[in-house]
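Chains as they are written, first to last, in my numbering: chain A, 2 to 240; chain B, 13 to 481.
Structure, rendered in structure tokens:
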């Protein structure tokens with residue numbers, strides 16, 4: 002699904018530059034439940050942004066579904082993000098002026114899904130994440146855990162192939178974290194959605210099939226863990 | 013589209029103070045622009061009406077060059093026949109013949125230079141508002157009974173020649189410093205003039221300009237004496253009865269004008285069946301050029317060197333004044349809109365900067381750049397729409413009030429523009445154009461003002477917004 006070859010990312014301005022990612026080679030297959038772990042500043046979020054097509058690498062090749070991403074126009078990239086990728090951010094990033102239901106419907110509305118269908122799917126998804134009764138609340142009227150669950154609902158309601166979650170549990174208490182992880186594992190197992198997390202939370206790493214350790218912009222270790230669910234194809238290529 | 017409208021509306025409500033202040037700017041801009049344009053149109057309308065209904069009419073006919081030289085003898089001949097062919101035009105409401113001259117008017121020991129203005133009362137009332145301008149007394153109606161002049165017989169013609177020769181001899185003698193008693197010659201000359209052009213038994217009735225009457229201390233029913241020159245060059249005097257006074261609103265006219273019945277002045281000046289001017293009123297001012305052309309064609313059969321001119325050709329200064337006022341108001345309106353546009357742009361820029369993270373999120377979730385432009389534009393359009401409705405209501409309310417009651421400017425005294433007396437209340441004129449133009453222009457300016465913030469928003473890189481969070 003994702004193949005990164007010699008990916009480099011350098012942030013530079015007039016006075017200084019920072020080599021954030023260094024020659025990353027990585028393959029992620031369909032249905033994987035992968036965690037990218039590493040300390041702060043190791044390049045986790047940057048790597049996720051590149052994989053989620055929110056940012057472009059300074060050099061290297063990125064293949065998504067066997068297509069060279071560098072050749073895509075910004076509109077094509079927007080279409081892929083909309084139709085194939087779901088995002089869950091650390092800071093929830095919900096639209097504050099939309100209700101939980103509207104936030105969940107939003108991406109489907111971008112895609113042109115009919116009003117009836119998107120509403121039905123959004124309600125089902127919100128019920129699946131345990132927020133059916135809070136669907137008409139605005140983000141400010143929900144707790145952090147509830148907001149993050151709305152963000153997950155938004156990410157999965159459009160039935161993406163891939164969910165990219167950047168430290169999704171960083172702002173959650175233990176109970177919310179467990180509940181969220183249960184939900185994601187369940188989605189991975191039932192729907193075959195590929196999950197890529199960035200996290201250094203041990204509770205997240207425990208659930209992963211695969212952990213990629215980043216340090217100083219390099220892949221230090223690529224681990225295949227025991228808890229691989231039967232029937233989910235797994236593969237890894239370490240650098 | 014539904015999502016965009018929801019997002020736009022809720023974003024506007026999110027920062028109510030800023031949205032209200034920006035909307036208020038647009039509302040006031042549109043409201044005042046509608047009012048300003050309505051006042052401008054009202055003023056232009058007053059100027060045109062004051063010009064056409066006050067004196068000029070819609071179209072005038074003169075002998076060629078009359079307006080440049082204004083000589084007493086430059087008359088339109090066969091006045092009655094010419095008027096008949098003009099009045100046959102179905103697009104004409106009325107046509108009135110006029111005659112002009114000058115003289116001195118005196119009462120007791122006061123004497124004033126005056127302009128004589130002969131009109132056909134019935135027709136004049138249908139062309140201009142002259143009859144409505146009466147301050148006291150009644151407007152003219154019938155001509156004064158005037159005895160007919162008789163042609164000189166052979167003996168009188170011979171006497172006329174002798175008197176002429178005598179007058180020339182007396183003039184030379186006077187040049188040589190020799191005194192000659194010419195009272196007998198003058199007396200005999202007057203007798204001949206009485207035969208040719210006898211004066212009426214009763215003083216003709218006239219209307220005096222209100223300030224002229226005041227200067228001479230002449231009231232309704234008073235007798236005043238006019239010294240004038242006939243078209244044949246004879247100087248004569250005649251007693252006139254003041255039938256009333258009128259105010260046209262123009263200082264010069266109110267100080268100098270005497271209005272006669274056309275036939276009285278024709279006889280007085282010895283210009284039978286002649287006039288200096290024919291003023292025409294059409295049914296529709298908008299068709300004046302077309303009517304002017306058809307009148308020219310109709311009178312061309314009369315084989316006179318005549319010119320037919322529209323009101324705007326006769327008073328290009330009025331047209332220029334209206335156009336310069338419109339240009340001035342246009343500039344003012346543009347400045348108002350520019351300020352409102354800068355306000356809109358500022359509000360949208362701040363809004364985009366504040367919501368940078370949200371816009372990046374939308375792009376991250378798959379919203380395309382052009383959709384982001386549309387989102388910001390919809391927000392601007394909704395703000396402009398709400399403010400425009402309020403501005404329209406304000407403009408209609410203010411404009412309607414000024415259209416109905418006018419703006420009382422009498423405290424600034426009587427005033428005229430380019431010689432046209434203005435009414436004491438400046439009235440607005442609301443038209444569909446006046447209502448729609450500011451709204452349409454405001455929408456265009458708001459769209460242009462939204463363009464930069466919208467393009468800035470569209471250029472946001474999703475990851476940058478995410479990082480800044």
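C-beta atoms are modelled at their ideal positions from N, C-alpha and C, and glycine is treated no differently.
Quick caveat: nothing in here was measured; it's all calculated off a predicted structure.
Chain A partners of residue i, CB-CB under 7 angstroms?
i, result
"residue 475 (chain B)", "50, 55, 56"
"residue 29 (chain B)", "Ordered by position in chain A, no residue passes the 7 angstroms Cβ test against residue 29 (chain B), which lies about 16 angstroms from the chain."
"residue 370 (chain B)", "96"
"residue 23 (chain B)", "98"
With DSSP as the reference, identify every bridge partner of residue i, one or two as the case may be.
i, result
"residue 385 (chain B)", "Partner(s): none; residue 385 (chain B) has no beta bridge."
"residue 290 (chain B)", "B:73, B:109"
"residue 238 (chain B)", "B:117, B:250"
"residue 9 (chain A)", "A:60"
"residue 260 (chain B)", "DSSP lists no partner for residue 260 (chain B)."
"residue 20 (chain A)", "A:11"
"residue 217 (chain B)", "B:253"
"residue 334 (chain B)", "Paired residues: none, contrary to the question."
"residue 149 (chain B)", "B:256"
"residue 420 (chain B)", "B:437"
For residue i, report the span of its beta strand (DSSP E) as first-last.
i, result
"residue 196 (chain A)", "195-199"
"residue 221 (chain A)", "219-225"
"residue 188 (chain B)", "Neither: residue 188 (chain B) is in no beta strand (DSSP E) and is coded neither H nor E."
"residue 125 (chain B)", "122-131"
"residue 449 (chain B)", "No beta strand (DSSP E) contains residue 449 (chain B), which is instead part of the alpha helix (DSSP H) from 444-470."
"residue 321 (chain B)", "318-322"
"residue 211 (chain A)", "211-216"
What does residue i touch in chain B if you count any residue whose Cβ is under 8 angstroms from its own?
i, result
"residue 88 (chain A)", "376, 377"
"residue 123 (chain A)", "Within chain B, no residue comes near residue 123 (chain A); the closest Cβ sits about 12 angstroms away, beyond 8 angstroms."
"residue 185 (chain A)", "Neighbours of residue 185 (chain A) on chain B: none; closest Cβ ~18 angstroms, over 8 angstroms."
Show which residues of chain B have a CB atom less than 7 angstroms away from the CB atom of residue i.
i, result
"residue 110 (chain A)", "15"
"residue 82 (chain A)", "376, 377, 378"
"residue 76 (chain A)", "380"
"residue 242 (chain A)", "The first residue shown for chain A is 2 and the last is 240, placing residue 242 (chain A) beyond what the model contains."
Given this structure, state the Cα-to-Cα distance separating residue i from residue j, to the nearest angstrom.
i, j, result
"residue 93 (chain A)", "residue 410 (chain B)", "50 angstroms"
"residue 236 (chain B)", "residue 303 (chain B)", "42 angstroms"
"residue 111 (chain B)", "residue 457 (chain B)", "55 angstroms"
"residue 480 (chain B)", "residue 48 (chain B)", "Unreliable positioning characterises residue 480 (chain B) in this predicted model, as indicated by a pLDDT of 47, which lies under 50. A coordinate reading is not provided."
"residue 9 (chain B)", "residue 286 (chain B)", "For residue 9 (chain B) there is no data in the structure shown, the boundaries of chain B being 13 and 481."
"residue 384 (chain B)", "residue 111 (chain A)", "12 angstroms"
"residue 463 (chain B)", "residue 407 (chain B)", "27 angstroms"
"residue 36 (chain B)", "residue 453 (chain B)", "17 angstroms"
"residue 233 (chain A)", "residue 30 (chain A)", "Only weak support is given to the placement of residue 233 (chain A): the predicted model assigns it a pLDDT of 46, under 50, and the value that follows is read from those uncertain coordinates. When rounded, the distance between both Cα atoms is 10 angstroms."
"residue 221 (chain B)", "residue 229 (chain B)", "12 angstroms"
"residue 189 (chain A)", "residue 163 (chain A)", "10 angstroms"
"residue 180 (chain A)", "residue 449 (chain B)", "60 angstroms"
"residue 414 (chain B)", "residue 114 (chain B)", "41 angstroms"
"residue 185 (chain A)", "residue 374 (chain B)", "23 angstroms"
"residue 243 (chain B)", "residue 158 (chain B)", "18 angstroms"
"residue 240 (chain A)", "residue 66 (chain A)", "Low confidence applies to residue 240 (chain A): its pLDDT is 31, below 50, so where it sits in the model is not reliable, and the reading given next is rough at best. Computed Cα separation, rounded: 20 angstroms."
"residue 98 (chain A)", "residue 297 (chain B)", "57 angstroms"
"residue 148 (chain A)", "residue 104 (chain A)", "10 angstroms"
"residue 2 (chain A)", "residue 365 (chain B)", "36 angstroms"
"residue 72 (chain A)", "residue 63 (chain A)", "10 angstroms"
"residue 118 (chain B)", "residue 238 (chain B)", "6 angstroms"
"residue 167 (chain A)", "residue 213 (chain A)", "14 angstroms"
"residue 139 (chain B)", "residue 404 (chain B)", "37 angstroms"
Got a sec, what are the start and stop residues for the alpha helix (DSSP H) residue i sits in?
i, result
"residue 206 (chain B)", "195-208"
"residue 226 (chain B)", "222-228"
"residue 275 (chain B)", "274-281"
"residue 40 (chain B)", "28-63"
"residue 92 (chain B)", "91-99"
"residue 36 (chain A)", "Run containing residue 36 (chain A): none in the alpha helix (DSSP H); it sits in the beta strand (DSSP E), 34-38."
Say yes only if the C-beta of residue i is nearer than 7 angstroms to one or more non-hydrogen atoms of the ligand NAP, and no if none qualify.
i, result
"residue 19 (chain B)", "For the structure depicted, the ligand NAP is absent and the ligand set is empty, with no information on it obtainable."
Residues of chain A with CB closer than 8 angstroms to the CB of residue i, please, in chain order.
i, result
"residue 19 (chain B)", "96, 98, 99"
In chain A, what lies closer than 9 angstroms to residue i by C-beta?
i, result
"residue 373 (chain B)", "88, 90, 94, 95, 96"
Run through chain B and tell me which residues come within less than 9 angstroms of residue i, C-beta to C-beta.
i, result
"residue 221 (chain A)", "Simply none; closest approach about 23 angstroms."
"residue 71 (chain A)", "Under the 9 angstroms cutoff, chain B gives no residues; its nearest Cβ is about 16 angstroms from residue 71 (chain A)."
"residue 141 (chain A)", "Simply none; closest approach about 11 angstroms."
"residue 13 (chain A)", "In chain order: nothing, as chain B lies at least about 14 angstroms away."
"residue 1 (chain A)", "Nothing about residue 1 (chain A) can be read from this structure; chain A reaches only from 2 to 240."
Pick out the complete alpha helix (DSSP H) segments inside the stretch 52-136 of chain A, 4 residues or longer, and give them in chain order.
-> 75-85, 101-112, 116-129
Runs of beta strand (DSSP E) wholly within the stretch 132-181 of chain A (minimum 3 residues, chain order) | 163-167
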